[in-house]
Structure formats: structure tokens, C-alpha cells
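Inspection log for the structure reproduced underneath, given as C-alpha cells.
Numbering (our numbering), first residue to last: 9 to 298.
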């Protein structure tokens, strides 16, 4: 066998759960963004009512749109679907890597390992019955992909370790680092914008250039904008996730060094690595639940 394997192809169930999670995540944040934007626009329209006649109709229309967005967001469980589907996808991913790398509990002969893998997938679907009906797959594709069989069949332990380091450890290392930097930068930008809104509101409170009604309206608009930004950044949890991903990135770097050790047992190291990735995912879910 030539070592010309590409990135691991997970079971089809993973891709269905992953797409379903991403879709519900996008819809959830689109609705949240729409609600916050409408709130700011309503504050702006109430200010304009004092200046332009007939703007109250725009305010009423915006209020109706806001009501619709709140109702849809409240009754459609996009958040729950996002979390559950992501949990299912990540569980399938870590099981797949354990299987192909002969890590516990799949450090047994191939036939028994394949049966155990299918059983674990079945257990995951049993735990997520509400979503399982949405992830029906073509039976001809099988639960275990050809790519997974090929990687598990690599006999050269060094090449197998290189494959895991390249497509799992280094991939996760780069992902966590990129996310940590992105979230830290975003948190700084939003925090700066909130500070600017508050400073502008303070300055307006000392300004006598506007009538009392317009001045108060501008201050209210700035405060509402600040609250909308605070709600957005609190929901996205940029700062918390940035710190968490930074620490996980350090853990992954240490795991990378552990694999380089001449005494490293590949199966045990893979088990340790997958446990670390699972802990991060479990803590992510716990933060979301809170």
C-alpha cells in the first residue's frame, strides 16, 4: 500500500449532522442579529418621529417585524438543534479517529472493531432519536468509509502516526489557534465600539445644541445600540471562547510533542488526544447550557 492517503472521510452520518448543525447555527444567529438590528432601528425611528411627520408608521412596521422574529426564534428550537447535532457530529468524529488508529476501545481485531464501531454509532442515534430520522443515509455507502478502512489497514506505525499528526492533531492545532485569534480580535472591536457609544452618550448629555426630546432620543439610541452589541457579544461569548481555545491549543501542542517521543505508544497517545478534544467539546456544551 502506498502512503498516498488524503484527508479522512468520515461516515456519511457525520456530514449530515455537521451540515444540520451549521444550518441551525446560522439561522439562530441570523434571527438574533435581526432582532437586535430591529431594536436599534425602532429606537432610531422613534427619534425620527419627533422630526418627521408620518414616521410612526415605520415604527409600527418595525415593531411588527420584531414581533414576528421573536415568535419564530422562540418557538423554533434552532439553538437546541445546533447543540445536539454538533454533539453528535463531534462524537462520530472522535469515534472514527479512535477506530482508524486502533485506539481504545477499538484496539482489537478488525472484524470485532468494525462491529463495535457500528454498535457505538447505533447508540449515538438512540441517544438522539429526535434527529436520527433526519440523517437517513444510503445503505450502499456503509457506516465505515473506504477511507477509514484504508487508514486502519496501514501497517507501518510511523506512517500511521504521521497521518494522525497531519490530519488530526495539526488540523486541530491550527483550528483552535485561528479561532482564538479571531474571537479575541472580534471581542476587542465590539468592546471598543461599545465604549465609543457610551462616550458619545455622555457627551450628548452635556450638549445643549439639540432640543431636550431630540437629545434624549439620541442618547437612548446610543444606549440601545450598546445593549444590542453587549447582547450579541455575550451570546457569541467571544472572550470566553478565545481563552478556552487558546488553552486547548496549548494542550494540542503538548500532545504533538508527546507523539514525537520515542517511547510513545500510538494507540495510547491517540486515546489521550481524543480525550482532550472530547473534554473541550464537553466544556463547550456546558458553557452553552449555562
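Glycine included, C-beta positions come from ideal geometry on N, C-alpha and C.
Small disclaimer: the values here were computed from a predicted structure and weren't measured.
- Boundaries cannot be given for residue 114, as no alpha helix (DSSP H) includes it and DSSP labels it neither H nor E.
- DSSP places residue 163 outside both helix and strand once states are collapsed to three, so it counts as coil.
- The Cβ atoms of residue 16 and residue 109 lie no closer than 8 Å to each other.
- Taking 8 Å as the cut-off, the beta carbon of residue 250 is found closer than this to the beta carbon of residue 188.
- With a cut-off of 8 Å on Cβ pairs, the segment 238 to 252 is not in contact with the segment 260 to 276, counting fewer than three such pairs.
- The DSSP-derived three-state label of residue 152 is coil.
- With the rule of 3 Cβ pairs closer than 8 Å, the segment 225 to 244 counts as touching the segment 41 to 56.
- Here the alpha carbons of residue 79 and residue 166 stand approximately 56 Å from one another.
- Scanning its chain for C-beta atoms nearer than 7 Å, with the 5 sequence neighbours on each side dropped, one finds around residue 102 the residues 282, 285, 286, in chain order.
- No alpha helix (DSSP H) of 4 residues or more sits fully in the segment 67 to 107.
- The beta carbon of residue 208 sits closer than 8 Å to those of 230, all from its chain and outside the five residues before and after it, given in chain order.
- Assigned with DSSP and collapsed to three states, residue 241 falls in helix.
- For residue 210, the number of other beta carbons within 10 angstroms of its own is below 16, and it is reported as exposed.
- Apart from the 5 residues on each side of it in sequence, residue 121 sits with its Cβ closer than 6 Å to the Cβ of 114 in its chain, given in chain order.
- Residue 109 carries a coil assignment under DSSP once its states are collapsed to helix, strand and coil.
- Straight across, the Cα-Cα distance linking residue 31 with residue 180 is about 22 Å.
- Assignment of residue 41 by DSSP, reduced to helix, strand and coil, places it in the helix class.
- Judged by DSSP in its simplified three-state form, residue 130 adopts helix.
- Here residue 186 is actually not in contact with residue 47; their C-beta atoms are around 32 Å apart, not less than 8 Å.
- With a beta-carbon spacing of about 6 Å, residue 159 and residue 13 fall inside the 8 Å limit used to define contacts.
- Counting C-beta pairs with one atom in each stretch, the segment 85 to 96 and the segment 24 to 42 have three or more that are closer than 8 Å, which means they touch.
- The shortest CA-to-CA distance from residue 206 to any of 273, 106, 232, 45 is the one to 232.
- With a contact defined as Cβ atoms closer than 8 Å, residue 100 and residue 74 miss out at about 38 Å.
- The C-alpha of residue 67 lies about 15 Å from the C-alpha of residue 42.
- Between residue 112 and residue 275 the beta-carbon gap is near 7 Å, inside 8 Å, which marks them as a contact.
- In the DSSP annotation of this structure, the continuous segment of the alpha helix (DSSP H) that includes residue 205 starts and ends at 178 to 213.
- Taking C-beta atoms as the reference points, residue 171 and residue 162 count as a pair closer than 8 Å.
- Per the C-alpha coordinates, the member of 98, 107, 39 positioned closest to residue 85 is 39.
- For residue 137, the secondary structure class from DSSP, reduced to helix, strand or coil, is helix.
- Going by DSSP, residue 13 is part of no alpha helix (DSSP H) at all; its letter is neither H nor E.
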